[in-house]
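J.:
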Amino acid sequence: MKKKMFLGSIIYYVIALKLTFLLAQTQTPVLSFYVGRIQIKPASSEQWQAPLFGQKLNAGDQIQTFAESRAEITFPDGSVIRIGENSLYTVLDYNFSEDKQQIKANLNMGKVWSNIRKMTKKRTEFKLQSPTAIAAIRGTVYDMEINQDTTAIIK
Numbered sequence: 068m069k070k071k072m073f074l075g076s077i078i079y080y081v082i083a084l085k086l087t088f089l090l091a092q093t094q095t096p097v098l099s100f101y102v103g104r105i106q107i108k109p110a111s112s113e114q115w116q117a118p119l120f121g122q123k124l125n126a127g128d129q130i131q132t133f134a135e136s137r138a139e140i141t142f143p144d145g146s147v148i149r150i151g152e153n154s155l156y157t158v159l160d161y162n163f164s165e166d167k168q169q170i171k172a173n174l175n176m177g178k179v180w181s182n183i184r185k186m187t188k189k190r191t192e193f194k195l196q197s198p199t200a201i202a203a204i205r206g207t208v209y210d211m212e213i214n215q216d217t218t219a220i221i222k
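Last residue of the sequence shown? That's 222 in my numbering, and every number before it is there in order.
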């Protein structure tokens, strides 16, 4: 039992280290984790595709999760978005440069949990849109859920 826990810890840290290295090389968000059935529709395509761990996400890419599934996006600043089951999430735009931190996204349906790092640069912006609301965040942990009638609940 202890050997399995130790081995599991080693595997977790190797994956985390690999993702940290991947994020250090690029200024784009990546699909850092998923479980269950999800699919990605790149902005440059009309076709939904199977996801890859560590897959780079571009502006306009959509992520769809199904029942008992979830996905996680990690941004270059360490902010994390977890997309719940039966959700449709779109990366609208992002910019991580020397003087700017910007993330814009859309939640069309479903639920997300967000852990947004405190934004320290002068020109910073994190916006999560829904069909009926926009949340502008400057560093906090929160949930957004879109009900079937498209009302948004932010906690």
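In this text, a Cβ means the ideal position worked out from N, Cα and C, and glycines have one as well. Note that the structure is predicted; figures quoted are calculated from it, not measured.
When you compare the CB positions of residue 96 and residue 133, do they come within less than 7 Å of one another, or not?
T.: Not in contact: residue 96 and residue 133 (Cβ atoms no closer than 7 Å).
J.: Please classify residue 119 as buried or exposed, where buried requires at least 16 other C-beta atoms within 10 Å of its C-beta.
T.: With fewer than 16 Cβ atoms within 10 Å of its Cβ, residue 119 is classed as exposed.
J.: Out of curiosity, what's the CA-to-CA distance linking residue 210 and residue 178?
T.: Whole-angstrom Cα-Cα distance: 7 Å.
J.: Can you check whether the CB of residue 156 is closer than 7 Å to the CB of residue 130?
T.: Closer than 7 Å, so yes.
J.: Would you report the Cα separation of residue 169 and residue 159, rounded to the nearest angstrom?
T.: Between residue 169 and residue 159, the C-alpha separation is close to 11 Å.
J.: I'd like the ranges of any alpha helix (DSSP H) spanning at least 4 consecutive residues and lying wholly in the region 142-196.
T.: You should have found no qualifying run.
J.: By the DSSP assignment, the beta strand (DSSP E) with residue 132 in it spans what residues?
T.: Element bounds for residue 132: 129-132.
J.: Compute the distance between the beta-carbons of residue 138 and residue 127, then report whether it is under 7 Å.
T.: Taking 7 Å as the Cβ cut-off, residue 138 and residue 127 do not qualify as a contacting pair.
J.: For the candidate residues 121, 176, 98, 116, whose alpha-carbon lies nearest to that of residue 212?
T.: Selected option, being the one with the closest Cα: 176.
J.: Which whole-angstrom value describes the C-beta separation of residue 200 and residue 219, a residue pair presumed to lie in contact below a C-beta threshold of 8 Å?
T.: 4 Å between Cβ atoms; contact.
J.: Give me, in chain order, the residues of the same chain whose beta-carbon lies closer than 6 Å to that of residue 115; leave out the 5 immediate sequence neighbours on both sides.
T.: Closer than 6 Å at the Cβ level, and outside the excluded window around residue 115, lie 106, 108.
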